[in-house]
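Peer 1: The structure's right below; bear with me while I get my questions together.
There are 2 protein chains.
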Amino acid sequence: MKFGYFDDVNKEYVITTPKTPLPWINYLGTQDFFSLISNTAGGYSFYKDAKLLRLTRYRYNNSPMDQNGRYYYIKEGDTVWNPGWQPVQTPLDSYQCRHGLGYTVFESSKNSLNAKLLAFVPVHDNCEINLLTLTNYTDAEKEFDLFSYIEFCLWNAADDSSNFQRNFSTGEVEVAGSTIYHKTEYRERRNHYAVYSVNHPVNGFDTSRDAFIGLYNSPADPQAVRKGFCSGSIAHGWAPVASHHIHLKLRPGDSVSLVFVLGYCENPKDKKFSAPGVINKEPADRLLARYQTTEQVMAAFQELKDYWTTLLSAYTIQTEDVRLNRMVNIWNQYQCMVTFNMSRSASYYESGLGRGMGFRDSCQDLLGFVHLIPERARQRILDIAATQFPDGSAYHQYQPLTKRGNMDVGSGFNDDPLWLIAGTAAYLRETGDFSILEEPCTFDNDADSTAPLMEHLRRSFQYTATHKGPHGLPLIGRADWNDCLNLNCFSEEPGESFQTTGPNDGPVAESVFIAGMFVKYGREYAEICDALRLDDERDAVLKEVAAMEETVMDAGWDGDWFLRAYDAMSNPVGSKLCEEGQIFIEPQGMCVMAGIGTDITEDGSPSTAARALRSVEERLDTRYGIILQTPAYTTYHVELGEISSYPPGYKENAGIFCHNNPWISCAETVLGHGSRAFEVFKKTCPAYLEDQSEIRRTEPYVYCQMMAGRDAPTHGEGKNSWLTGTAAWTFTCISQYILGIQPTLQGLRINPCIPSDWSGYTCRRIYRGVSYDITIDNSAHVESGVASVTVDGQPVTGTLIPFDAGKKTCKVEVVLG
Amino acid sequence: MKFGYFDDVNKEYVITTPKTPLPWINYLGTQDFFSLISNTAGGYSFYKDAKLLRLTRYRYNNSPMDQNGRYYYIKEGDTVWNPGWQPVQTPLDSYQCRHGLGYTVFESSKNSLNAKLLAFVPVHDNCEINLLTLTNYTDAEKEFDLFSYIEFCLWNAADDSSNFQRNFSTGEVEVAGSTIYHKTEYRERRNHYAVYSVNHPVNGFDTSRDAFIGLYNSPADPQAVRKGFCSGSIAHGWAPVASHHIHLKLRPGDSVSLVFVLGYCENPKDKKFSAPGVINKEPADRLLARYQTTEQVMAAFQELKDYWTTLLSAYTIQTEDVRLNRMVNIWNQYQCMVTFNMSRSASYYESGLGRGMGFRDSCQDLLGFVHLIPERARQRILDIAATQFPDGSAYHQYQPLTKRGNMDVGSGFNDDPLWLIAGTAAYLRETGDFSILEEPCTFDNDADSTAPLMEHLRRSFQYTATHKGPHGLPLIGRADWNDCLNLNCFSEEPGESFQTTGPNDGPVAESVFIAGMFVKYGREYAEICDALRLDDERDAVLKEVAAMEETVMDAGWDGDWFLRAYDAMSNPVGSKLCEEGQIFIEPQGMCVMAGIGTDITEDGSPSTAARALRSVEERLDTRYGIILQTPAYTTYHVELGEISSYPPGYKENAGIFCHNNPWISCAETVLGHGSRAFEVFKKTCPAYLEDQSEIRRTEPYVYCQMMAGRDAPTHGEGKNSWLTGTAAWTFTCISQYILGIQPTLQGLRINPCIPSDWSGYTCRRIYRGVSYDITIDNSAHVESGVASVTVDGQPVTGTLIPFDAGKKTCKVEVVLG
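Chains as they are written, first to last, in UniProt numbering: chain A, 1 to 817; chain B, 1 to 817.
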């Protein structure tokens, strides 16, 4: 079942009912001010940090779901309704929610009164703009009341939801004309306030929730709306809110447009007040002056649209598959940008209370946005590297505001260092900017301990090379990519963190997955050494890599697939010998991507790699994607940790963990299996699951972290949409491994691996400032193999397009065969 | 305006409308299992620890207020209603909520169907019992549906409200017959589950919130109730709930009684499962078997009533003032017991997420409950002392579960050590049990560092004696009793804790309040030394105390009142010289209670103490009580800290902080001002404010921490009811200082200080196992002064009643004059 449709021309997903199976959301904001907005206008806003500077209050896990947002009540006679349906839930005569790139539009109507609500955050201001246009489609004059409503958060969202003995006494506001200022704690140490205004005279206002909503009423039935007027309340403590009341008359066919602005304003410390106790409103005045007219708003909206058009022009395809086109050209890249902006902080599953940027998360996200915003990717890499420990290991997360590492989830996740190589190598391939390797970066943010980025990569590699267990495989530490495989934890107490309990490291537990990473990213590191003409280091690295490859084939192979790990007793994990958890997805994908076991066999039998992927298909595949391992753990295994804490089929315990599905897809392309690679790609790709939205439940335009596996009673149900490394990896998979447009250190390489029934496709790729128009001809209907390449009419040998910075455009014709 | 009335015979407060100005709550539970319950059946339950073992989910600061509770939906035709009005809010034909001692009863009716809901936690079981009796008062048969509803919390309430990316995948339940088992995380490290059952066959059930309520419905309109049947849902992740559906028919005049039990059950680790994946239900079976019949329930209810009757028999009075009688005999002592059980953890203002027991809080609470439960008070003292540092200073809080000190709010609150003397001295006066002083107690919970309790008291005294500032007054450290007077903090950053920022101690900032405490509790310590015949130590202590008294009179006196402190620059705080905050309440109360400046002057002019109290009356008094200081701080003072962070009139910034009002009342009795003492007592006493409930808003049967001061726009509005040291201090004030029934180390002393218009009163006091019947005759209409004392017919000299452990009863007649 569908609950909307893709509008590819406008780059929008159009939701046609407010009652989606879960709230379907969008993100507004590109720089510092962000909002979450659902298809019923729910959500909240924050400035830079979702925990520390939250402007509006949201109620997670509420009943009803998705409560608090930017709400507009229209009261015509006894009928009260909202353009977004919530919170009153009056059945609407028409309803539409269009989620676009950085904006959302609601169009709905009741009794021939039409409301169009456009919500967006402008590129250059710290505010959310709501342009509300009301049109009378009847033959008679309409007279009605409009009430706006937002509820302020007292800035620190964690404190706001727990410290009531203080917070019920601190709330303060000011009101001037049509503008409401939220200034809680401004009297003391805050130099910032929030402002909520409308470009129209008001008939009344409220700033106390009790006055507007009523103590025992709900936002579904505010007492002020019921009465038809606000009471001019000034909040003193309790819950400051903002509501404007505007009485409106519309002649037949007439429209009125109102601009509501929710903004964040700062003052210098010595200019906080214009008079004792009165806040300096200058920054708010300046902000609001820029959005006083519909024309100003539409100009800012156009600027936002241009921003996104420019961004997404870096990679566009045309294939015969419209679902593929819309995912690659619009939604997958859009989601990558959202992961750049949000990391894992604020979604409808991430409450915005954790403040960390993951070391590993951020390095991987980078794979998905480096081509969109290479300059910001550069800074991100340097920020991450600056938190690395001198021995090459890493904090597992760092604070985005201070850019310092923190121990909230500890350290000793032994895959972390290698992801720094992965991210940096991707940046180098995209930009060719080797100067980044010379940038000085601190260790552990210690200004006295600094080395060029290249030295950080070296220590990343060496950390893994020097931390091996009894089988010669890398020690897993607290965990590798699978945070829930905790082999040194042994937790018996409820509530203990699986990620910080037990020793940072153990002398025994090893990870085959990290071994695969070591081979893959070790080779990428060797390529960098090669480019820097560090031939000795390159050779030494490749020797280490080759040895590890051998170790994996020896100690890491279970007979039909790669082992997952050895536990703290040196027992295999992910082996036929196990009762549960016999085969895991991660090492199959990573080892084959690394090229381990891919050598053609002499007798024509399947290669080791092919056998591993066949085992994946036979044992882990489902209609909704590949599950993480099988059989699911039915009891708690103290020696394995959190993975066995989930009910079978959910999350890491045999759920479809979407992040690692593209690894299998990529691995299949390594073996030239284009059809299978694309089949795997499609299984978790949201656009292909749109018809099953009643099962998947999450947004059909973005990936989710997890779908319930076949062991779960809700097989196919998605969770944790939006903020997941899945976005970056699926984009890497489709754009580079399948469609085969591959940045390399030397330039763009074209090497598709596609379903044989495809006839071809085109791609426009802006790469190092050059716009490539690439045509792929698969009249031969092969899965892979390049027969010829022509660049601007000239044939070239091989698949690498010689880079010419002097060109503005470059036409590439590739024939497969 | 009143919203109910006191029923003194039944020891109940009867609320007659569900729409009280704020939710008015009660506490159920006496040992380990506790519930909060509001007058609309809202609230939640927990076992031992409101953060770590919360059974049901509550939504703090919700809109509408007070959402989630134990809800029962009665659906008769199209009419759906709840016995507690919430959450459906259908207007009821009749409604009554009776909050009693450890139980609450709702009686309400709709269309002549009557519902009586009794809720209590039995003395000896870990469960809340809901006995629901439905009666048909019409002449026709009634047929209707009943739905129960609770929402489970996933145990750790902090994690439950933030970690959705995990928690939406962990929920698990089992259902057997009419019993629903909530077993989230039981599969892994938890050995406990919750059970919710009814003693009646069910027509259906739901355990998924989405199935019962509906994603976009609210508890005000569950979709299952609307349809008239449950769907038999089994929760897999998301939000596990429990709902029973029972279809009922009642003939005219007939009743049916149903017993619902919400329980907490544990299993030994090796007996968790009865079959793979199936929880061992034996402890639940045993629990439920004890509450299968109404008779069993009523027997447990009677046991609970007896428990409270016994407790409260320790101190009962009869005066001409019924409001005084009900506060002293019932509600004030009841609130003291609630502070014993809850500390500051779980109220409608304390979210239950902080886990600490305050060192100072617990010592002071003890003053209010030591006469009720001396054995448990003894253990509490030893627990607290065991967290003390070897130098006599203290953690500011400790964990109730582990009984270890923690640094969540730091240490260095320099009043803390002296409160240990205060609490222990109170225990000794009540019990005469000097053996407690010989109990070995650790320092900082270090088994290798142990000393008898007496040594802890010694170090408490010495810590203060050896930490003095330039004026010879005690250093204030992070703060003294007023946590918000932070003289060494100097915080400029929003969100920094005023309690943990800056140094633990400063070399300069001093507290006159601690000086007062040092004199008062130093003397009490000297009395203990005296009783132990430590004459030298006694003399040394008294010498130190005398010196401090002199220092206060010298450096701590501002001319018309006692100074509050010297700040970190040695500037006075609470002085005529200040622009704001010229006079504070705390030192006036504490210094006079300590006897400082009480000497009669030779010229008959008012004593120093009297001048201080007159200044309080002139400058700080309001109709709702005495404000904390004046003038209120209108701007932030970085050198004073949090006190200046509150808007004027709220909390410590010139709010009526109820806790310190009884100090003034006590101080007035020290000067013999019985009328004024009682006048001050009455101002904050809830029973006397019942008629102003629309202004005070909080429960008229319990004290609140704070009422808005005269500088606030909401003067008289109460906040933070229930969990406040106010309860202990007001009870100490009325029972000992005003009514004058004073435990001493030697026995009971009778020394009233009362309004002169009183003719007398009687008191029954159980003290060290002897029941005293005390009659006070004030035919002379004096404020204080004992003319004669007769004990069992024999006149005695002085006011001390010689203690005779051989007596069971003792009749005391006191004539004032």
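Glycine included, C-beta positions come from ideal geometry on N, C-alpha and C.
Residues of chain A with a CB under 8 Å from the CB of residue 713 of chain B: which are they?
Peer 2: Start at 1 with the first residue of the second sequence, and residue 713 of chain B comes out as number 713. Those within 8 Å of residue 713 of chain B in chain A are 234 and 236.
Peer 1: Beta strand (DSSP E) containing residue 115 of chain A: first to last residue?
Peer 2: As a first step, residue 115 of chain A is located in the first sequence; it is residue number 115 there, counting from the start. First-last of the beta strand (DSSP E) with residue 115 of chain A: 113 to 120.
Peer 1: Taking the alpha carbon of residue 404 of chain A as the reference point, which residue from A:384, A:410 and A:392 has its own alpha carbon closest?
Peer 2: The residue you call residue 404 of chain A lines up with position 404 of the first sequence. The option with the nearest alpha carbon to residue 404 of chain A is A:384.
Peer 1: Just verifying my parser: in three-state terms, what is the DSSP assignment at residue 151 of chain B?
Peer 2: Taking the second sequence and counting its residues from 1, one reaches residue 151 of chain B at position 151. Strand, per DSSP.
Peer 1: Which of helix, strand or coil does DSSP assign to residue 36 of chain A?
Peer 2: Residue mapping note: residue 36 of chain A aligns to position 36 of the first sequence, counting from 1. Residue 36 of chain A falls in the strand class under three-state DSSP.
Peer 1: Contact defined as beta carbons within less than 8 Å: I believe residue 787 of chain A pairs with residue 812 of chain A. What is the distance between those atoms, to the nearest angstrom?
Peer 2: For the purposes of this step, residue 787 of chain A is identified with residue 787 of the first sequence, where counting begins at 1. For the purposes of this step, residue 812 of chain A is identified with residue 812 of the first sequence, where counting begins at 1. About 14 Å; that fails the 8 Å criterion.
Peer 1: To which residues of the same chain is residue 50 of chain A closer than 6 Å at the C-beta, ignoring the five residues directly before and after it?
Peer 2: As a position in the first sequence, residue 50 of chain A is number 50, starting the count at 1. The residues are 345, 346 and 352.
Peer 1: Using the beta-carbon count (16 or more within 10 Å), is residue 396 of chain A buried or exposed?
Peer 2: Position 396 of the first sequence, counting from 1, holds the residue named residue 396 of chain A. Residue 396 of chain A is buried by the Cβ-count criterion.
Peer 1: Quick one: list the residues of chain B neighbouring residue 170 of chain A, beta-carbon separation under 9 Å, in chain order.
Peer 2: By 1-based counting over the first sequence, the position of residue 170 of chain A is 170. Those within 9 Å of residue 170 of chain A in chain B are 645, 646, 647, 650 and 651.
Peer 1: Among A:454, A:707 and A:724, which has the Cα closest to the Cα of residue 653 of chain A?
Peer 2: Mapped onto the first sequence, residue 653 of chain A falls at position 653. The shortest C-alpha separation from residue 653 of chain A is found at A:707.
Peer 1: Output needed in chain order: residues of the region 197 to 215 of chain A with a Cβ under 8 Å from some Cβ in chain B.
Peer 2: Under the 8 Å Cβ criterion, the region 197 to 215 of chain A contributes 209, 213, 214 and 215.
Peer 1: Can you list the residues of chain B that residue 189 of chain A reaches, using a CB-CB cut of under 9 Å?
Peer 2: Taking the first residue of the first sequence as 1, we reach residue 189 of chain A at position 189. Simply 491, 492, 493, 494, 495, 496, 636, 638 and 645.
Peer 1: How big is the Cα-Cα spacing for residue 509 of chain B and residue 676 of chain B?
Peer 2: Counting from 1 along the second sequence, the entry for residue 509 of chain B is found at position 509. Counting from 1 along the second sequence, the entry for residue 676 of chain B is found at position 676. So the alpha carbons of these two residues sit roughly 33 Å apart.
Peer 1: Which residue comes first and which comes last in the beta strand (DSSP E) that contains residue 448 of chain B?
Peer 2: Locating residue 448 of chain B in the second sequence gives position 448, counting from the first residue. It spans 446 to 452 - the beta strand (DSSP E) in which residue 448 of chain B sits, taken as one unbroken run.
Peer 1: On a Cα-Cα basis, can you pick out the residue from A:530, A:506, A:433 and A:558 that is closest to residue 769 of chain A?
Peer 2: Position 769 of the first sequence holds residue 769 of chain A. Measuring from the Cα of residue 769 of chain A, the nearest candidate turns out to be A:433.
Peer 1: By Cβ distance, which residues of its chain are closer than 6 Å to residue 199 of chain A, with the 5 residues on each side in sequence left out?
Peer 2: Within the first sequence, the letter at position 199 stands for residue 199 of chain A. Around residue 199 of chain A: 259 and 292.
Peer 1: Taking all protein chains shown into account, do 16 or more other C-beta atoms lie within 10 angstroms of the C-beta of residue 474 of chain B, making it buried, or fewer, making it exposed?
Peer 2: Here residue 474 of chain B refers to the residue found at position 474 of the second sequence. Counting Cβ neighbours within 10 Å, residue 474 of chain B comes out buried, since at least 16 surround it.
Peer 1: Listed in chain order, which residues of the region 350 to 369 of chain A have Cβ atoms closer than 7 Å to some Cβ of chain B?
Peer 2: The residues in question are 350, 351 and 353.
Peer 1: Using a beta-carbon distance below 8 Å, is residue 379 of chain A in contact with chain B?
Peer 2: Start at 1 with the first residue of the first sequence, and residue 379 of chain A comes out as number 379. Judged by the 8 Å Cβ criterion, residue 379 of chain A is not in contact with chain B.
Peer 1: Using 8 Å as the Cβ pair cut-off and three pairs as the minimum, do the region 87 to 103 of chain B and the region 18 to 26 of chain B touch?
Peer 2: Yes: at least three Cβ pairs fall under 8 Å.
Peer 1: Closer than 8 Å by beta-carbon distance: list the chain A residues that pair up with residue 895 of chain B, in chain order.
Peer 2: The structure shown does not extend to residue 895 of chain B, since chain B is modelled only from 1 through 817, so no value can be given for it.
Peer 1: At 8 Å on the CB atoms, spell out the chain A contacts of residue 65 of chain B, in chain order.
Peer 2: Counting from one through the second sequence, the residue named residue 65 of chain B turns up at place 65. Those within 8 Å of residue 65 of chain B in chain A are 215 and 216.
Peer 1: Would you mind reading off the limits of the beta strand (DSSP E) that contains residue 130 of chain A?
Peer 2: Here the question's residue 130 of chain A lines up with position 130 in the first sequence. Here the beta strand (DSSP E) through residue 130 of chain A covers 127 to 136.
Peer 1: Which parts of the region 364 to 416 of chain B are runs of the beta strand (DSSP E), unbroken and 3 residues or longer, counting only runs that do not cross its ends?
Peer 2: Segments of the beta strand (DSSP E) lying fully in the region 364 to 416 of chain B: 395 to 398 and 405 to 411.
Peer 1: Hey, is residue 731 of chain A's beta-carbon within less than 8 Å of any beta-carbon in chain B?
Peer 2: Looking up residue 731 of chain A in the first sequence gives position 731. Cβ-Cβ to chain B under 8 Å: no for residue 731 of chain A.
Peer 1: Can you tell me the Cα-Cα spacing of residue 759 of chain A and residue 799 of chain A, whole angstroms?
Peer 2: Residue 759 of chain A sits at position 759 when you count from the first residue of the first sequence. Residue 799 of chain A sits at position 799 when you count from the first residue of the first sequence. Straight-line Cα distance between these residues: approximately 19 Å.
Peer 1: Label residue 623 of chain A either buried or exposed according to how many other C-beta atoms from any shown protein chain fall within 10 Å of its C-beta, with 16 as the threshold for buried.
Peer 2: By one-based count along the first sequence, residue 623 of chain A stands at place 623. Exposed.
Peer 1: Can you give me the C-alpha to C-alpha distance between residue 655 of chain A and residue 161 of chain A, rounded to a whole angstrom?
Peer 2: Position 655 of the first sequence, counted from the start, is the residue given in the question as residue 655 of chain A. Position 161 of the first sequence, counted from the start, is the residue given in the question as residue 161 of chain A. Going by the C-alpha atoms only, they are around 32 Å apart.
Peer 1: Measure the alpha-carbon distance for residue 498 of chain A versus residue 784 of chain A and round it to whole angstroms.
Peer 2: The residue given as residue 498 of chain A occupies position 498 in the first sequence. The residue given as residue 784 of chain A occupies position 784 in the first sequence. About 43 Å.
Peer 1: What would DSSP say about residue 516 of chain B, mapped onto helix, strand or coil?
Peer 2: Numbered from 1 along the second sequence, position 516 holds the residue referred to as residue 516 of chain B. Three-state result, residue 516 of chain B: helix.
Peer 1: Less than 8 Å between CB atoms is the rule here; does residue 283 of chain B satisfy it with respect to chain A?
Peer 2: Counting from 1 along the second sequence, the entry for residue 283 of chain B is found at position 283. It does not: the Cβ of residue 283 of chain B has no partner Cβ on chain A nearer than 8 Å.
Peer 1: For residue 76 of chain A, list the residues DSSP reports as bridge partners.
Peer 2: On the first sequence, residue 76 of chain A is found 76 positions in, with the first residue counted as 1. Paired residue(s): A:79.
Peer 1: Going by the DSSP bridge assignment, what does residue 707 of chain A pair with across the sheet?
Peer 2: The residue given as residue 707 of chain A occupies position 707 in the first sequence. In the DSSP output, where bridge partners are listed per residue, residue 707 of chain A has A:656 and A:718.
Peer 1: How long is the line joining the alpha carbons of residue 513 of chain A and residue 153 of chain B, rounded to whole angstroms?
Peer 2: One-based indexing of the first sequence puts residue 513 of chain A at position 513. One-based indexing of the second sequence puts residue 153 of chain B at position 153. Each residue's Cα considered, the two are about 36 Å apart.
Peer 1: So is residue 140 of chain A buried or exposed if we call it buried at 16+ other beta carbons inside 10 Å?
Peer 2: Indexing the first sequence from 1 puts residue 140 of chain A at position 140. Exposed: under 16 other Cβ atoms inside 10 Å.
Peer 1: Residue 151 of chain A and residue 241 of chain A: beta carbons closer than 8 Å?
Peer 2: The sequence position of residue 151 of chain A within the first sequence is 151, counting from 1. The sequence position of residue 241 of chain A within the first sequence is 241, counting from 1. Closer than 8 Å, so yes.
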